[in-house]
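Numbering follows the working numbering, with no gaps: position 176 of the sequence shown is 179. We treat Cβ as the ideally placed atom computed from N, Cα and C, and that holds for glycine. First comes the structure, then the notes that go with it.
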Amino acid sequence: MPVITNIEDLRVLAEKRVPRMFYDYADSGSWTEGTYRANEADFQKIKLRQRVAVNMENRSLATQMVGLDVKMPVAIAPVGLTGMQSADGEIKAARAAEKFGIPFILSTMSICSMEDVAAHTTAPFIYQLYMMRDREAMANMIERARKVKCSALVLTLDLQVIGQRHKDLKNGLTAPPSPTIANIINLMTKPRWCLGMA
Numbered sequence: 004m005p006v007i008t009n010i011e012d013l014r015v016l017a018e019k020r021v022p023r024m025f026y027d028y029a030d031s032g033s034w035t036e037g038t039y040r041a042n043e044a045d046f047q048k049i050k051l052r053q054r055v056a057v058n059m060e061n062r063s064l065a066t067q068m069v070g071l072d073v074k075m076p077v078a079i080a081p082v083g084l085t086g087m088q089s090a091d092g093e094i095k096a097a098r099a100a101e102k103f104g105i106p107f108i109l110s111t112m113s114i115c116s117m118e119d120v121a122a123h124t125t126a127p128f129i130y131q132l133y134m135m136r137d138r139e140a141m142a143n144m145i146e147r148a149r150k151v152k153c154s155a156l157v158l159t160l161d162l163q164v165i166g167q168r169h170k171d172l173k174n175g176l177t178a179p180p181s182p183t184i185a186n187i188i189n190l191m192t193k194p195r196w197c198l199g200m201a
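In structure tokens:
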């Protein structure tokens with residue numbers, strides 16, 4: 004693996020390794036992508052101020068989030084189709100979160116089931132539930148989350164109008180990938196990804 008020094012290095016690496024349709028899914032937003040770009044610009048405004056000659060003994064970022072003890076106040080947010088970026092992607096992300104002592108939030112739109120994630124981790128995780136009109140389906144999802152001992156639910160309410168994702172439309176994003184000529188050619192250029200998925 005190449006030396007990774009920042010997030011941009013990871014983005015470039017993912018673009019090389021992941022089929023175009025799944026890379027674009029992760030590296031884009033809905034409609035004009037204005038919110039996506041605004042979020043990125045907002046993060047660029049955050050600056051860390053260096054302080055020197057300050058006693059750093061007994062400093063800690065540890066705190067609590069939704070009743071969980073965490074090593075720092077960050078979490079791995081719910082990302083749909085993580086398992087299409089890398090085989091068992093949600094399990095890998097949950098294990099990384101567990102290793103670093105931060106919460107993992109499993110997306111409703113995940114490839115791995117909540118039962119699979121629970122079977123491969125020991126730390127409790129949070130489940131993101133997209134609220135839909137089918138109340139029986141929602142009750143079943145909540146019951147499944149309870150059975151695998153999810154520590155909290157994150158309710159997402161913006162699914163009533165699905166955002167049009169232009170790159171997904173252009174790429175013909177489906178899971179599993181549609182066997183179009185363009186997709187087959189693109190998959191042939193990503194042998195590591197294909198082997199991982201196999």
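Neighbourhood of residue i by C-beta distance below 7 Å, restricted to the same chain and skipping five residues each side
i	result
G32	T38, Y39
M112	G83, L84
G166	S33, W34
G104	V73, K74
Cα-Cα separation between residue i and residue j, rounded to whole angstroms
i	j	result
N58	R98	33 Å
L132	V55	44 Å
Y7	L16	Note that residue 7 corresponds to Ile in the displayed sequence, not to Tyr. Taking the straight line joining both Cα atoms gives about 9 Å.
G70	P194	43 Å
M68	K152	16 Å
R168	K50	31 Å
K170	R14	17 Å
Cβ-based neighbour list, residue i, same chain, cut-off 8 Å, excluding 5 preceding and 5 following
i	result
L1	Residue 1 lies beyond the residue range present for the chain, which begins at 4 and ends at 201; the question has no answer from this structure.
D45	none
Helix, strand or coil at residue i according to DSSP, with G and I counted as helix
i	result
V157	strand
I165	coil
I114	coil
L190	helix
L214	Since the first and last residues shown for the chain are 4 and 201, residue 214 lies out of range.
Other residues of its chain near residue i: CB distance less than 6 Å, five sequence neighbours each side excluded
i	result
P81	I108, S110, Q131
E101	T124, A126
Cβ contact (3+ pairs, closer than 8 Å) linking the region 182-193 and the region 8-28: At 8 Å Cβ cutoff, the stretches touch.
Three CB pairs or more closer than 8 Å across the region 143-158 and the region 171-183: Not touching, per the Cβ criterion.
The region 116-125 in contact with the region 86-102 per 3-pair CB rule at 8 Å: Pairwise C-beta distances place the region 116-125 in contact with the region 86-102, as three or more of them are shorter than 8 Å.
Contiguous alpha helix (DSSP H) assignments of at least 4 residues, all confined to the region 64-109: You should have 85-88, 92-103.
Sequence ranges, alpha helix (DSSP H) only - wholly within the region 6-62, length at least 4: Those alpha helix (DSSP H) runs which fall completely within the region 6-62 and span 4+ residues are 10-20, 23-29, 37-47.
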